[in-house]
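The next block holds one structure in the form of structure tokens; read it before the comments.
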Amino acid sequence: MAMLDTPCRGEAFASLDVNTYMTILANASPLLFQKTKLLSLVVRFDNMKDYTKGKSPEMLEPFFPNELSRHIIVSCFLVILEMGAVIFFPLSWKAIDRPDHIPWFLLPVYKLHKLVHNEVLFIFVLVLSALLFVSWPFLVRDKKWNVSSFHNAEGKNGSYAKHSKERCNLWHRPVLFAIVISTIISLITLCFIKT
Amino acid sequence: MTNEIESQGIVRELIETNITRRLIPRGLSWFGCMGGLSLVAFMIQLGTGVFLMFYFIPSATEAVASIQKVSHSVPYGWLVHRIHAVGPHVMIAMVLSHMLRILFKGIYRHPRELHWVSGACLLILTLVMYYTGYLLSAGNHSSHSFIPVTFVYALHIAGIPLAMGLFMGIHFFMVRSTGIYEPL
Ligand code: HEM
Ligand code: HEM
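Okay, here's the thing in structure tokens:
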């Protein structure tokens, strides 16, 4: 793994006392780390992407502690959001015999069921939309896009990246964009239809 | 002894390459967190779900009484039950925003098609999770009891979570090897 020689905050942490806890760690579970080859197997099959390839030091930042603290902040945000939802979410507080309710994300399915009286047709539509949804990337494949994004992902050459920036968001492909937007609008409309 | 030193080396390398010496691209968007938030929300469901498992009795006759017991006589049982009932709404909102970001930014393109496929399966499994959970709590109404409660229960606490774990493993492994999508 190619590493840059620039000192960064992450490195300062790395030199903190790695040796001490490493010894403890390695001895703490002798079975996993010493008696079996499991760990070396994991290491061999794991191919993490190296972000340092083709980048200058200014384009990078240490994962630890920067990214790690970001993860923690964001997780706290979620916990607060969830606590807020626990208090304010409009769901009956009764533990049992709750009035029947349709969750907001299943409303379109529920309305569709009301509109389509044929059970077989209803299930067919559901399965078909699930299949279309899962295979979306393959349905909308575009050669030109793929070449550029491949090089972009590999980080081989900055100039490819520029090319891919031109046409990477969905709104740069008007037909697809129209399909997606009209699907979303019709799903939302479906929720408000009176049946 | 050499084995010991060798494994220490491996652990050390693992920690260094994954945490302490790892460098990541600067300026990633906060929106990129939605995937991680979906995971945190799932973990909350897992934690509260295991707690409920200790008390819930998956039988048409005893389910009501067991839920009643959880929410009235177990300390903080009402809170855990409430979190498990409201959590899915938050989780699905997170998963949907994660998906919409991927969709509108075109991140499903090569080489990330299979990330989308595994993710889409995760979304469908999450919805099925919701449905089976709903049947468990509504099982008391007995109007839905055309499927045996034990069957729904097994699906909800073991079958689908295992499948989700598998798909998540695949999902994360692939994200790790292609790296996160970087706008330039
Ligand atoms: C339970 C549901 C899901 C969980 C826990 C999950 C988790 C994650 C995580 C943690 C990442 C890492 C980067 C990021 O957060 O963007 C990621 C990336 C990704 N996910 Fe998901 N995801 C879920 C559902 C989905 C769905 C529904 C889709 C699309 C249909 C999807 C497609 C992707 C793609 C394409 C990436 C790669 C993004 C990139 O390279 O920047 N995931 N997912
Ligand atoms: C994607 C994750 C999950 C979702 C969306 C979900 C959803 C639900 C829902 C909506 C209910 C009905 C709650 C109510 O309204 O009373 C429920 C009940 C239940 N869930 Fe989950 N759940 C998830 C994960 C889990 C896991 C991982 C476990 C166990 C390991 C679990 C165990 C239970 C149990 C025992 C009940 C019955 C108790 C009750 O009715 O409150 N759940 N779940």
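Taken in sequence, the protein lines are chains A and B.
Using this note's numbering, the first residue of the first sequence is number 50, and each one after it goes up by one.
Using this note's numbering, the first residue of the second sequence is number 17, and each one after it goes up by one.
Beta carbons: idealized from backbone N, C-alpha and C, even for Gly.
Can you grab the Cα-Cα spacing for the pair residue i / residue j, in whole Å?
i: A:Ser-141; j: A:Val-135; result: 11 Å
i: A:Pro-114; j: A:Tyr-100; result: 17 Å
i: B:Arg-42; j: A:Glu-107; result: 8 Å
i: A:Gly-207; j: B:Ile-186; result: At A:Gly-207, the pLDDT of 43 sits below 50, so the modelled position is not reliable; the number obtained from the coordinates is stated separately. Whole-angstrom Cα-Cα distance: 29 Å.
i: B:Glu-78; j: B:Ser-153; result: 12 Å
i: B:His-85; j: B:Pro-104; result: The amino acid occupying residue 85 of chain B in the given sequence is Lys; His does not appear at that position. Distance between the alpha carbons of B:Lys-85 and B:Pro-104: 22 Å.
i: A:His-120; j: A:Phe-94; result: 26 Å
i: A:Asn-195; j: B:Ile-83; result: Residue placement at A:Asn-195 cannot be trusted, given a pLDDT of 48 that sits under 50; the coordinates are not used to answer.
i: A:Val-189; j: B:Phe-67; result: 44 Å
i: A:Arg-245; j: B:Pro-164; result: Not covered by the structure: residue 245 of chain A. The range shown for chain A is 50 to 244.
i: A:Phe-187; j: A:Ile-233; result: 20 Å
i: B:Ile-73; j: B:Ala-174; result: 15 Å
i: B:His-97; j: A:Trp-185; result: 37 Å
i: B:Met-69; j: A:Thr-244; result: 38 Å
i: B:Ser-134; j: B:Val-144; result: 15 Å
i: B:Val-102; j: B:Thr-148; result: 15 Å
i: B:Thr-36; j: A:Phe-112; result: 7 Å
i: A:Pro-139; j: B:Phe-189; result: 37 Å
i: B:Phe-47; j: B:Met-115; result: 11 Å
i: A:Leu-161; j: B:Phe-162; result: 22 Å
i: B:Glu-22; j: B:Leu-30; result: 12 Å
Looking at the unbroken beta strand (DSSP E) that takes in residue i, where does it start and where does it end?
i: B:Pro-177; result: Where B:Pro-177 is concerned, there is no enclosing beta strand (DSSP E), although the alpha helix (DSSP H) it sits in stretches over 176-194.
Look up residue i in the DSSP assignment and say whether it is helix, strand or coil.
i: B:Ile-173; result: helix
i: A:Leu-140; result: coil
i: A:Phe-116; result: For the record, residue 116 of chain A in the displayed sequence is Glu; it is not Phe. Correct three-state label for A:Glu-116: helix.
i: B:Arg-38; result: coil
i: B:Cys-137; result: helix
i: A:Ile-151; result: coil
i: B:Tyr-92; result: coil
i: A:Ser-105; result: coil
i: B:Phe-72; result: coil
i: A:Pro-186; result: helix
i: B:Phe-162; result: coil
i: A:Cys-217; result: coil
i: B:Thr-148; result: helix
i: B:Thr-142; result: helix
i: A:Ile-145; result: coil
i: B:Glu-29; result: helix
i: A:Met-253; result: Nothing about residue 253 of chain A can be read from this structure; chain A reaches only from 50 to 244.
i: B:Glu-198; result: coil
i: B:Met-115; result: helix
Report the option in the options whose CA atom is closest to the CA atom of residue i.
i: B:Ile-140; options: A:His-150, A:Leu-109, A:Leu-181; result: A:Leu-181
i: B:Thr-64; options: B:Ile-21, B:Val-111, B:Ser-87; result: B:Ser-87
i: B:His-172; options: B:Ser-75, B:Ser-45, B:His-105, B:Tyr-150; result: B:Tyr-150
i: B:Ile-176; options: B:Met-107, B:Tyr-146, B:Trp-46; result: B:Tyr-146
i: B:Ala-109; options: A:Lys-143, A:Ile-145, A:Phe-137, A:Leu-130; result: A:Leu-130
i: B:Gly-93; options: A:Glu-168, A:Ala-144, A:Arg-119; result: A:Ala-144
i: A:Cys-217; options: B:Arg-192, B:Thr-194, B:Glu-198; result: B:Glu-198
i: B:Ile-99; options: B:Tyr-124, B:Phe-120, B:Met-59; result: B:Met-59
i: A:Val-123; options: B:Ser-75, B:Tyr-71, B:Ser-54, B:Val-80; result: B:Ser-54
i: A:Leu-239; options: A:Val-183, A:Tyr-159, A:Ser-184; result: A:Tyr-159
i: A:Asp-43; options: B:His-126, B:Leu-182, B:Ser-134; result: Since the first residue of chain A shown is 50 and the last is 244, residue 43 of chain A is not available in this structure.
i: B:Arg-192; options: B:Val-80, B:Ser-113, B:His-131, B:Gly-25; result: B:His-131
i: B:Ala-76; options: B:His-97, B:Ile-196, B:Thr-166, B:Gly-135; result: B:Thr-166
i: B:Ala-136; options: B:Gly-51, B:Tyr-169, B:Val-56; result: B:Gly-51
i: A:Ser-178; options: A:Leu-236, A:Leu-219, A:Ser-118; result: A:Leu-236
i: A:Lys-34; options: B:Leu-39, B:Phe-120, B:Val-111; result: This structure leaves residue 34 of chain A out entirely; chain A is present only between 50 and 244.
i: B:Arg-117; options: A:Val-229, A:Pro-111, A:Phe-241; result: A:Val-229
i: A:Phe-154; options: B:Ser-113, B:Val-56, B:Leu-178; result: B:Ser-113
i: B:Thr-181; options: B:Thr-194, B:Leu-138, B:Tyr-169, B:Leu-119; result: The amino acid at residue 181 of chain B is misidentified as Thr; the sequence shows Gly. That would be B:Leu-138, whose Cα lies nearest to the Cα of B:Gly-181.
i: A:Arg-222; options: B:Gln-61, B:Gly-122, B:Gln-24, B:Glu-32; result: B:Gly-122
Considering residue i, what are the terminal residues of the alpha helix (DSSP H) in which it resides?
i: B:Leu-44; result: Segment: none, B:Leu-44 is in no alpha helix (DSSP H) and carries neither H nor E.
i: A:Leu-180; result: 168-183
i: B:Leu-62; result: 50-69
i: A:Pro-111; result: Premise fails: A:Pro-111 lies in the beta strand (DSSP E), 109-111, not in any alpha helix (DSSP H).
i: A:Phe-241; result: 223-241
i: B:Ser-82; result: 79-88
i: B:His-126; result: First-last for B:His-126: undefined, no H or E at that position.
i: A:Lys-160; result: 156-164
Can you list, in chain order, the residues of the segment 97-129 of chain A whose Cβ is nearer than 9 Å to any Cβ on chain D?
Note that chain D does not occur in the displayed structure, where the protein chains are A and B.
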